[in-house]
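Visitor:
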Amino acid sequence: MSDTPQEPEPLEPGPLGPAAAAGPPPEPLPRAAVAWSVGAVWALALVLGVLIALLSHPPQYASWLSLALGVCVIGAFGAQLATQRKDGFVNRLATTLVGSFVILGLFGAVLGVITLGH
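For the sequence shown, counting from 1, position 70 maps to 69 in numbering that gives the first Met the number 0; every step adds exactly one.
#1: Between which two residues does the alpha helix (DSSP H) containing Arg-30 stretch?
#2: Under 8 Å between the Cβ atoms of Val-40 and Ser-99?
#3: Can you tell me where the alpha helix (DSSP H) with Leu-91 in it begins and where it stops?
#4: Ignore the nearest five residues each way along the sequence and tell me which others in Phe-119's own chain have a CB closer than 7 Å to its CB.
#5: With 16 as the cutoff for other CB atoms within 10 Å, does Arg-91 come out buried or exposed?
#6: Can you grab the Cα-Cα spacing for the pair Leu-28 / Leu-68, in whole Å?
The structure is reproduced here in structure tokens:
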């Protein structure tokens, strides 16, 4: 026996917090699922734009286009929540909303130019 105190063996640091109980990271969402969840809302925006162009009167274009954008926002949240994946949610939602906004914005620009011609 020696008179010098022995140092305790160092413990390996383990994961702390909620990550310790979470387990392995989930698999990423397949590209086809991302394409379907984003593309479905873009298709909805396209269909709504065509219906507005065909069925609405020129003074009502702006009102209907804003309503269509609201429907696309609700549809985007529904489509992205339906994937049941939190990883990449914000990016998928942003892509969906920006695409819908661009599609309906193009319809608004075209319908505005058509309205000016009358």
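Using N, Cα and C, we set each Cβ at its ideal position, and we do this for glycine too. From a predicted model like this one, the values you see are computed outputs, not experimental measurements.
Guide: Quick look at the numbers:
#1: Residue range 30 to 54 is occupied by the alpha helix (DSSP H) that includes Arg-30.
#2: Yes.
#3: This sequence places Arg at residue 91; Leu is not what is there. Arg-91 -> alpha helix (DSSP H) spans 88 to 116.
#4: The structure shown does not extend to residue 119, since the chain is modelled only from 0 through 117, so no value can be given for it.
#5: Around the beta carbon of Arg-91, 16 or more other beta carbons lie within 10 angstroms, which makes this residue buried.
#6: Between Leu-28 and Leu-68, the C-alpha separation is close to 26 Å.
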